[in-house]
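Peer 1:
There are 2 protein chains.
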Amino acid sequence: MALFLFLFLATTLGISQGSDQDTVTHKIHLLRPQSGAAGNHVPGLSCLSWRLGVETNNVVGWITVPEECEEYVGHYMLGHQYRKDSRVVANQALLYAQSLSLARDCKDVWVFDIDETALSNLPYYAQHGFGVEQYNPTLFNKWVMEGKAPALPETLNLYKKLLSLGTKVVFLTGRPEYQRSVTANNLRKAGYQTWEKLILKGSSYSGKSAVVYKSSERKKLAMSGYKIIGNMGDQWSDLLGTDVGNRTFKMPDPMYYIS
Amino acid sequence: MALFLFLFLATTLGISQGSDQDTVTHKIHLLRPQSGAAGNHVPGLSCLSWRLGVETNNVVGWITVPEECEEYVGHYMLGHQYRKDSRVVANQALLYAQSLSLARDCKDVWVFDIDETALSNLPYYAQHGFGVEQYNPTLFNKWVMEGKAPALPETLNLYKKLLSLGTKVVFLTGRPEYQRSVTANNLRKAGYQTWEKLILKGSSYSGKSAVVYKSSERKKLAMSGYKIIGNMGDQWSDLLGTDVGNRTFKMPDPMYYIS
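As you go down the protein sequences, you meet chains A and B in turn.
For what it's worth, our numbering labels the leading residue of the first sequence as 1, then goes sequentially.
For what it's worth, our numbering labels the leading residue of the second sequence as 1001, then goes sequentially.
1) How would you write the range of the beta strand (DSSP E) that F1249 (chain B) sits in, first residue to last?
2) Would DSSP call L1163 (chain B) helix, strand or coil?
3) Which ranges would you report for the beta strand (DSSP E) in the segment 1127–1197 of chain B if only whole runs of at least 3 residues count?
4) Kindly indicate if chain A contains any beta-carbon less than 8 angstroms away from that of I1258 (chain B).
5) Under 7 angstroms, CB to CB, which of the residues in the segment 89–102 of chain A have a partner in chain B?
6) Can you list, in chain order, the residues of its chain with a C-beta nearer than 7 angstroms to that of A93 (chain A)? Leave out the 5 residues immediately preceding and following it.
7) Taking just the CA atoms, how far does G1147 (chain B) sit from V73 (chain A)?
8) According to DSSP, is V73 (chain A) helix, strand or coil?
9) For the beta strand (DSSP E) containing M232 (chain A), name the first residue and the last one.
10) Rounded to a whole number of angstroms, what is the C-alpha to C-alpha distance between P191 (chain A) and A151 (chain A)?
11) Does chain B have any CB closer than 8 angstroms to the CB of L52 (chain A)?
12) Alpha carbon to alpha carbon, how far is S101 (chain A) from N246 (chain A)?
13) Give a yes or no on whether the minimum CB-CB distance between Q235 (chain A) and chain B is below 8 angstroms.
14) Could you tell me whether the Cβ atoms of T194 (chain A) and A97 (chain A) are closer together than 8 angstroms?
15) Using 10 angstroms around the beta-carbon of T242 (chain A), count the other beta-carbons present and answer buried if the total reaches 16, otherwise exposed.
16) What's the C-alpha gap between N1121 (chain B) and A210 (chain A)?
17) Alpha carbon to alpha carbon, how far is S1237 (chain B) from I1258 (chain B)?
18) Going along the chain, which residues of the segment 156–190 of chain A sit with their C-beta nearer than 8 angstroms to a C-beta in chain B?
19) Closer than 7 angstroms by beta-carbon distance: list the chain A residues that pair up with T1056 (chain B), in chain order.
20) Where DSSP assigns a beta bridge to D1115 (chain B), which residues make up the other side?
21) Apply the 10 Å Cβ neighbour rule to P137 (chain A) and answer buried if 16 or more other Cβ atoms are within range, or exposed otherwise.
22) I'd like to know whether the C-beta of D85 (chain A) is nearer than 8 angstroms to at least one C-beta of chain B.
23) Taking Cβ-Cβ distances shorter than 8 angstroms, what residues in chain A pair up with V1059 (chain B)?
24) Alpha carbon to alpha carbon, how far is T1173 (chain B) from V1111 (chain B)?
25) Decide if W1143 (chain B) is buried, meaning its Cβ has at least 16 other Cβ atoms within 10 Å, or exposed.
26) Please state whether the Cβ-Cβ distance between L119 (chain A) and N186 (chain A) is less than 8 angstroms.
27) To the nearest angstrom, how far is it from the Cα of E1154 (chain B) to the Cα of A184 (chain A)?
28) So, E1116 (chain B) versus T1064 (chain B), is the Cβ gap smaller than 8 angstroms?
29) Quick one: what's K208 (chain A) bridged to in DSSP?
30) Alpha helix (DSSP H) containing D1085 (chain B): first to last residue?
31) Return helix, strand or coil for K219 (chain A), following the three-state DSSP convention.
32) Short of 7 angstroms in beta carbon distance, which residues of its chain neighbour Y205 (chain A), apart from the five on each side in sequence? Order them along the chain.
33) For L95 (chain A), count the other beta carbons within 10 Å of its own beta carbon; 16 or more makes it buried, fewer makes it exposed. Which is it?
34) For R1175 (chain B), which residues in the same chain have their Cβ closer than 8 angstroms to its Cβ, ignoring the five residues on either side in sequence?
35) Just how far apart, CA to CA, sit P254 (chain A) and G131 (chain A)?
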């Protein structure tokens, strides 16, 4: 079972088969992917409708995934639909990027969020009810400090193609400054070899919302002469506010909400 | 069969059983609702992922529904999922409206788009491939001029509750001025009995995008002292731009795209 889940997640998330990854496999929630589960009827609340509401920013300010949707969200995240949904977004982003004539002054940047955009914390959330459990900063930060988050393969693929088009990449994350080193190492290990800037949330933004923090940092980028041609995140707070970029792309994430 | 489809659509869309509605039934596309079809696997393109991409504004500027998704979109629109998705949006909107303390100066307004938001053109689109066929203004305007579009029941329900909360309603539609009378009559017939303003697209906006036209008209509302507390539409062009309102709500529509 553990081997099956490891192989599945290895395939799904492109986890490299280094021996240090084995520790991940033993922690995986025993929810097995069931093809076609995403979209099934759930009595009462339609979890598919709830998920659509989340993705479209109609359902906002929620704290945890509705209990009756744990299995639905788990199957969605571990199954094919999450990956297909991510692929459509990444493909649209690539088509858009390819349609642009870059300024060739090396100031065109693409902003990526990190968690659930560049890197996946699915190995963590699979152990914590896929968002049904309330966010536990102690446990989550412990997971982050392990530096073992795999890449979201669709984003990594897009990242590589953007680089080949001459676009520079900026990572803009809500992770705190003290996680800079582990985050940089994790990004490299996951395949993100280079970037123009890696922006983490400094203590001056303590208590500020993600929208305020990220808008402010994007404004600094613009003031420095960068042109944000694209901006991709799994939270609407990555994509709303000011200086959002020429076009924004919403990656799926039905597990948590950040305002 | 025709009777079955009539009864189904009558139930689904709340078509009143007046005899003048019988003409609608004979025109319905022979695609019968199949429970659970929405979300099924489609080889190659995932139509569910495509639909999510549309709803999240990741897939933009498309002209027609991909051919391989005609059946998927048809089943979605005629089946339960479209209605459930709409219900989640309307419920969130109502919860939000109920949470507000209205200014009680009668200047709080809620902006509704009309087509696929207040009224449903499903009887028309069911005959035209659910968005697979390219938009035909002659045929579509002929349908509009019949004034027989049923209400989208979730929106009508929200509308009634907003009125009872003391909110005034503004309809802001891309329909042209010459359709004012038929549109007003259609709205009343469908159950929308009253409104503060019914704004149609005047000739001065000819050639202007929906975002420009609707932003400009919303600005006029704001300049007149109205406060847009909510704004609901099926197109992102209803909800983006300026003066969008305190909160926006995206109704589902995988059948067409308006920029």
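For every residue, glycine included, the Cβ atom is placed at its ideal position computed from N, Cα and C.
Peer 2: Quick answer:
1) T1248 to K1250
2) helix
3) 1168–1176
4) no
5) V89 and Q92
6) Only L158, G230, M232 and F249 meet the Cβ criterion.
7) 42 angstroms
8) helix
9) M232 (chain A) -> beta strand (DSSP E) spans K227 to G233.
10) Sequence check: residue 191 (chain A) is Gly here, not Pro. Spanning the two alpha carbons is a distance of roughly 7 angstroms.
11) yes
12) 13 angstroms
13) For Q235 (chain A), not one C-beta of chain B is nearer than 8 angstroms to its own C-beta.
14) no
15) It counts as exposed.
16) In a straight line, the C-alpha of N1121 (chain B) is about 39 angstroms away from that of A210 (chain A).
17) 7 angstroms
18) none
19) The contacting residues are E55, T56 and K250.
20) B:L1119
21) exposed
22) yes
23) V88 and Q92
24) In a straight line, the C-alpha of T1173 (chain B) is about 10 angstroms away from that of V1111 (chain B).
25) Around the Cβ of W1143 (chain B), a 10 Å sphere holds 16 or more other Cβ atoms; the residue is buried.
26) yes
27) 48 angstroms
28) no
29) Note: K208 (chain A) sits in no beta bridge, so no partner.
30) H1080 to S1099
31) helix
32) Y213
33) The residue is exposed, with fewer than 16 neighbouring Cβ atoms inside 10 Å.
34) I1114, D1115, V1144, T1183, L1200 and K1201
35) 8 angstroms
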